[in-house]
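What follows is a set of notes on a single structure, which appears directly below.
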Amino acid sequence: MLSLVLDQNYKEYFKNNRKNFQEELLKEAVNVREKIKDILMIGNINLLENAHKLVMYTLGEEKEQLEDFARVEGISWASHNLTLAFKLEWVQAIRRTLWQFLQEYDIENQNQFEIIDFFYQLERKVNDGIDQFLNVFFLSYSEYKDKLIEAQRVLVENLSVPIIPITQKVCVLPLIGQIDSTRVHIIEEKALMEIGRLRIHSLIMDLSGIAQMETEVIDHLIKIIDGANMMGCHCVITGLRPELVRKITRLGLSFENKAETKVSLQQALEDYLATK
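Mapped onto the working numbering, the consecutive letters of the sequence shown carry residue numbers 61 to 336.
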């Protein structure tokens with residue numbers, strides 16, 4: 061009963077001294093206070109209002125509301141790329157200021173606890189509540205970031221293998237930039253999948269944007285051509301640079317009998333659009 065009465069009294073005390081609490085909190089959070097307006101503008105996140113919510117949920121032991129609040133905060137901070145260091149400093153400042161005000165309340169009301177263990181119960185409740193918020197917040201933040209990174213990875217993979225339909229039967233696969241072992245596997249998966257899905261008869265693979273390839277990548281590219289041929293798709297290679305040709309011939313590899321070669325993508329398109 062004593063615990064319940066004091067819990068309610070503490071909550072009322074914080075409501076009545078909300079402005080003083082915020083002023084002390086801003087003194088504690090030295091680095092964050094300079095960013096409060098920026099954070100509000102960037103993510104529509106009111107740090108002072110949210111600090112009050114955290115205190116009320118903690119004092120009231122409203123665990124479900126506290127966890128829901130932490131999840132929303134985690135997603136909000138992650139989606140707006142707000143710095144975790146600021147959040148940690150802010151929450152720890154809330155913890156310190158909260159204890160300061162609890163002590164002031166007890167001094168003002170000359171609380172004499174008949175049960176000394178109550179103080180330790182209060183300490184556990186406050187710290188457990190704050191820690192619970194931080195744990196759920198960081199989990200929510202990390203999960204959202206992981207999903208965002210995965211979505212961006214898939215987007216980059218799709219953009220890195222753009223198969224462009226020219227006619228119903230002819231498509232172009234322009235390859236640019238660095239192709240490593242990871243990307244060549246993505247190219248293989250996407251190319252063969254699209255050949256089957258679009259029923260491509262001729263796939264023009266333009267390599268004019270690639271100057272160098274590792275040996276294993278060249279070997280894998282030839283296997284992709286073999287796979288396309290097995291699916292009934294004729295491959296055309298365009299834009300081979302001299303340095304890449306020299307490396308392919310030194311390795312004893314060849315596209316002969318596997319794919320047709322053209323000087324440029326423009327030539328291939330002129331030939332195919334004229335005859336296909």
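Beta carbons: idealized from backbone N, C-alpha and C, even for Gly.
Keep in mind the model is a prediction, meaning the values are calculated, not measured.
Distance between residue j and residue i (C-alpha atoms, nearest Å)
i	j	result
residue 328	residue 103	50 Å
residue 65	residue 108	Unreliable placement is indicated for residue 65, whose pLDDT of 49 sits below 50; the coordinate value is still reported in the next sentence. Their Cα atoms are separated by approximately 26 Å.
residue 89	residue 153	6 Å
residue 75	residue 92	23 Å
residue 294	residue 319	7 Å
residue 126	residue 197	10 Å
residue 277	residue 236	14 Å
residue 283	residue 199	43 Å
residue 202	residue 71	32 Å
residue 79	residue 182	23 Å
residue 73	residue 150	21 Å
residue 121	residue 280	60 Å
residue 136	residue 252	39 Å
residue 166	residue 106	29 Å
residue 117	residue 77	16 Å
residue 225	residue 258	9 Å
residue 227	residue 332	9 Å
residue 69	residue 162	10 Å
residue 289	residue 207	37 Å
residue 190	residue 97	24 Å
residue 321	residue 330	14 Å
N- and C-terminal bounds of the beta strand (DSSP E) containing residue i
i	result
residue 290	From DSSP, residue 290 is part of no beta strand (DSSP E) but of the alpha helix (DSSP H) over 275–290.
residue 294	294–298
residue 230	230–236
residue 258	Unbroken run through residue 258 is the alpha helix (DSSP H), 241–258; no beta strand (DSSP E).
residue 303	Per DSSP, residue 303 belongs to no beta strand (DSSP E); it is in the alpha helix (DSSP H), 302–310.
Same chain, Cβ closer than 8 Å to residue i, neighbours up to 5 away in sequence not counted
i	result
residue 325	232, 234, 264, 266, 268, 298, 299
residue 177	For residue 177, the predicted model reports a pLDDT of 48, less than 50, meaning its position is unreliable; a value from the coordinates is still stated below. Excluding residues within five positions, none has a Cβ falling inside 8 Å.
residue 146	91, 92, 95, 99
residue 85	108, 111, 153, 154, 157
residue 148	194
residue 192	123, 126, 127, 130
residue 254	223, 231, 260
residue 303	271, 272
residue 113	129
residue 115	74, 81, 154, 158
residue 291	252, 255, 256
CB contact below 7 Å: residue i versus chain D
i	result
residue 323	Annotation note: the requested chain D is absent from the structure, which comprises a single protein chain.
Close Cβ partners of residue i (< 6 Å) along its chain, the five nearest in sequence each way excluded
i	result
residue 261	229
residue 185	none
Contact set for residue i: own chain, Cβ-Cβ below 7 Å, skip 5 residues either direction
i	result
residue 188	none
residue 275	311
residue 204	134, 135, 138, 139
residue 317	none
residue 286	318
First through last residue of the alpha helix (DSSP H) which encompasses residue i
i	result
residue 96	96–103
Practice task
Determine, using beta-carbon pairs with one atom in the stretch 221–232 and one in the stretch 141–159, whether at least three such pairs fall under 8 Å.
Solution key: The answer is no - the stretch 141–159 does not touch the stretch 221–232, with fewer than three Cβ pairs under 8 Å.
Problem - Cβ contact check for the stretch 228–241 and the stretch 302–310: 3 or more pairs under 8 Å - result: No: the two stretches stay apart, fewer than three of their Cβ pairs being nearer than 8 Å.
Practice task
Mind listing, in chain order, the continuous alpha helix (DSSP H) runs of no fewer than 4 residues lying wholly within the stretch 116–178?
Solution key: DSSP runs (the alpha helix (DSSP H)) wholly in the stretch 116–178: 123–139, 144–168.
Exercise for the section: State whether the stretch 245–257 contacts the stretch 197–213, with contact taken as three or more CB pairs (one from each stretch) at a distance under 8 Å. Expected result: The answer is no - the stretch 197–213 does not touch the stretch 245–257, with fewer than three Cβ pairs under 8 Å.
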